[in-house]
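**Student:**
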Amino acid sequence: MFKVHAVAAHRLPHLLRAMPKAELHMHIEGSLEPELIFALAQRNGVKLPYASVEALRAAYAFTNLQSFLDIYYAGASVLLHEQDFYDMAWAYLERAAADHVVHTEMFFDPQTHTERGVSMQVVIDGLHRACVDAQTKLGVSAQLILCFLRHLSEEAALETLEQALPFRDKFIGVGLDSSEVGHPPEKFSKVFAKAGALGLHRVAHAGEEGPPAYIWSALDVLGVERIDHGVQSIHDAALMTRLAQARVPLTVCPLSNQKLCVFPDLADHNIGALLDAGLCVTINSDDPAYFGGYMNENFVQTFAATGLTAQQAYQLAANSFEASFISESQRHHWMHELKVCFERFVEHDD
Ligand code: ADE
Ligand code: ZN
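Numbering (our numbering), first residue to last: 823 to 1172.
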């Protein structure tokens, strides 16, 4: 284990911002800032039910997941053309690079767009072009994960996977998102089996608002490699043991959990308990334009509220590379860079 020296509290935010990290749980449609929503609405002649950027932002007072999703899907209605998807992804990738995110696996929700008559090709080509540019222009490796909307049917998910197959080389996996309670993972057993047979990675949101039983079925029925959120696992001791022993990563999103009232007070978040239990926890931004912050804001605010240590900062960044779908050589490279970053930081301690 890499031993991290104690760091003075006032210097910890600098270390959190500077360390290289991977982001594994963010919805690209959740990176649409109100300003970009209005700019795209004007460019595309889309009428919004909000008079101004300020009025839209004022509506971001969420009480639970569904109250957020209603506004999030409305915001995505301004996306029509390939360039719109590129512009949205590029804006996020520039922000990610500024936060020293060196690798990101971005969720996208094709059904939100294909249901409005936008083609799968427009969606994937625009997002993928931004991913290619991120590598060459920002030095950030970026990949796409196609999410099925769980409030829709499995037949619709199967049809979506079919539509995406001509672009199989432009996304690395599938996920499951949207309204969790009442839509258990096993509803999607066939489509996940098909994705697995195609060699796609599999992840699923589970245990955000839903019960530990949904985490069990995501693992055992869908065969997922990571659990998105998973914070409700704390209520099931046998599940905690399983997650720790198998090193199943949890992609935790602290500011999201706060804004959607999973943990209304960030100081009460269970991330420290999950880490103490030996789980492979990572920190992520989920929907940064809606929840008040990108990656570094999530790190800095969570550490300030919960008192996590520099050793835990190292662990969280190391976990993000362990949990990511990068190659072994990339993983080795970033683990080395992470250690170099921490060693340099300690050398310059006063
Ligand atoms: N889609 C976008 N953000 C989500 C979240 N936090 N949970 C489920 N579905 C989502
Ligand atoms: Zn999410």
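Backbone N, C-alpha and C fix where the C-beta goes; we use that ideal spot for every residue, glycine too. All values derive from a computational prediction rather than experimental measurement.
1. From what residue to what residue does the beta strand (DSSP E) around D1050 run?
2. Would the C-beta of H1027 count as close to the ligand ADE, meaning under 6 Å from any of its heavy atoms?
3. Using a Cβ-based criterion (distance less than 6 Å to any ligand heavy atom), does D1108 qualify as near the ligand ADE?
4. Buried or exposed for F1164, going by 16 or more other Cβ atoms inside 10 Å?
5. Could you say if the region 832 to 850 and the region 924 to 942 meet the contact criterion of at least three C-beta pairs nearer than 8 Å?
6. Any idea if D1172 is buried or exposed, counting beta-carbon neighbours within 10 angstroms, 16 or more meaning buried?
7. Unbroken alpha helix (DSSP H) runs of length 4 or more, entirely within the region 1103 to 1152: which are they?
8. Is H1091 near the ligand ADE, with its Cβ less than 6 Å from a heavy atom?
9. Among A1060, H1154 and T934, which one has its Cα closest to the Cα of H973?
10. Where Y1116 and E937 are concerned, what is the direct C-alpha to C-alpha distance, given to the nearest angstrom?
11. Distance, Cα to Cα, P1076 vs S1107?
12. Just to confirm the assignment, what range does the alpha helix (DSSP H) spanning E819 have?
13. Mapping DSSP to helix, strand and coil, what is D1172?
14. Identify the continuous alpha helix (DSSP H) that holds H1027 and give its terminal residues.
15. Exposed or buried, what is N886 when buried is set at 16 or more other beta-carbons lying within 10 Å of its beta-carbon?
16. Sort Q1067, Q1080, P1086 and L1138 by Cα distance to G1094 and report the nearest one.
**Tutor:** A quick look at the data gives this:
1. Position 228 of the sequence shown, counting from 1, holds the residue named residue 1050. R1048 to H1051 is the span of the beta strand (DSSP E), which, as asked, contains D1050.
2. The residue labelled residue 1027 in the question sits at position 205 within the sequence shown. Yes; taking the cut-off as 6 Å, the Cβ of H1027 has a heavy atom of the ligand ADE nearer than that.
3. As a working note, residue 1108 is residue 286 in the sequence shown. Yes, the beta carbon of D1108 sits closer than 6 Å to at least one heavy atom of the ligand ADE.
4. Here residue 1164 is taken as the residue at index 342 of the sequence shown, counted from 1. The residue is buried, with at least 16 neighbouring Cβ atoms inside 10 Å.
5. yes
6. Position 350 of the sequence shown, counting from 1, holds the residue named residue 1172. Residue confidence for D1172 is low, a pLDDT of 48 falling below 50, so the modelled location carries little weight and cannot support an answer.
7. You should have 1110 to 1113, 1117 to 1128 and 1132 to 1145.
8. In the sequence shown, counting from the first residue as 1, residue 1091 sits at position 269. Here the distance from the Cβ of H1091 to the nearest heavy atom of the ligand ADE is not below 6 Å.
9. The count along the sequence shown starts at 1 and reaches residue 973 at position 151. Cα-wise, what sits closest to H973 is T934.
10. Position 294 of the sequence shown holds residue 1116. Position 115 of the sequence shown holds residue 937. Their backbone Cα atoms lie some 28 Å apart in a straight line.
11. The count along the sequence shown starts at 1 and reaches residue 1076 at position 254. The count along the sequence shown starts at 1 and reaches residue 1107 at position 285. The alpha-carbon atoms of P1076 and S1107 are separated by roughly 8 Å.
12. Since the first residue of the chain shown is 823 and the last is 1172, residue 819 is not available in this structure.
13. Taking the sequence shown and counting its residues from 1, the one referred to as residue 1172 is at position 350. Any reading at D1172 must be qualified, since the residue scores a pLDDT of 48, below 50, and its modelled position is unreliable; the value itself is stated next. Three-state DSSP puts D1172 in coil, outside helix and strand.
14. Residue numbering aside, residue 1027 sits at position 205 when the sequence shown is read from its first letter. It is not in any alpha helix (DSSP H) - H1027 instead sits in the beta strand (DSSP E) that spans H1023 to A1028.
15. Indexing the sequence shown from 1 puts residue 886 at position 64. With fewer than 16 Cβ atoms within 10 Å of its Cβ, N886 is classed as exposed.
16. Taking the first residue of the sequence shown as position 1, residue 1094 is located at position 272. For the residues Q1067, Q1080, P1086 and L1138, the minimum Cα distance to G1094 belongs to L1138.
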